[in-house]
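J.: Have a look at this one.
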Amino acid sequence: MAKPHRTVRTDRARETFLKTLRETCNVSEAARAAGIGRRTAYEWREADETFAANWQDAEDEAADKLEREAWRRAVEGTDKPVTFQGAITATYKEYSDRMLEILLKAHRPDKFVERFKGEVSGGVSITVLPEDAGL
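So the sequence shown is numbered by the numbering used here: it starts at 9 and just counts up by one.
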């Protein structure tokens, strides 16, 4: 009887790795949760196209969650407490201008990308040394 290519334990580790990667977008954390080394995860990705595709899907989904959170902080804001004599008396909305800027640069780079213009004047001197120059 032929042995299956992967063991049930390996399949579980792969599933745990991908689930954690999807939740955290962090390879080290996903590897720890699966009980494997980072190197093993990268070897699996290199050797298995399906695993590699699932890895990419997990990273994409995690990145989408991060983008949603950035949007929430920039557009919807977060509630911050106002305290008086140690007690919370009210809240106010705080918005992240930096997150808004990042989102605009990502989604409308033609309008919001930073442009730098530099000019170089003068000459450039290049010295080519032989390989055995002892540097």
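We put the beta carbon where it would ideally sit given N, CA and C, even for glycine.
How many Å lie between Glu102 and Glu77 at the Cα?
T.: Here residue 102 refers to the residue found at position 94 of the sequence shown. Here residue 77 refers to the residue found at position 69 of the sequence shown. In a straight line, the C-alpha of Glu102 is about 14 Å away from that of Glu77.
J.: Would the stretch 39 to 57 count as touching the stretch 81 to 92 if we require 3 or more Cβ pairs under 8 Å?
T.: Contact between the stretch 39 to 57 and the stretch 81 to 92 is absent, because fewer than three Cβ pairs lie under 8 Å.
J.: Check whether the Cβ atoms of Ala42 and Phe59 sit closer than 8 Å, and answer yes or no.
T.: On the sequence shown, position 34 is the one that residue 42 refers to. On the sequence shown, position 51 is the one that residue 59 refers to. The answer is no: Cβ separation not under 8 Å.
J.: Could you check where the beta strand (DSSP E) with Ile110 kicks off and where it finishes?
T.: On the sequence shown, position 102 is the one that residue 110 refers to. Taken as a continuous stretch (DSSP letters only), Ile110 belongs to no beta strand (DSSP E), being part of the alpha helix (DSSP H) at Asp105 to His115.
J.: Would you identify the three-state DSSP class for Asp140, choosing helix, strand or coil?
T.: Here the question's residue 140 lines up with position 132 in the sequence shown. Asp140 falls in the coil class under three-state DSSP.
J.: Helix or strand or just coil, what does DSSP make of Phe124?
T.: Numbered from its first residue, the sequence shown carries residue 124 at position 116. Note: Phe124 maps to coil in three-state DSSP.
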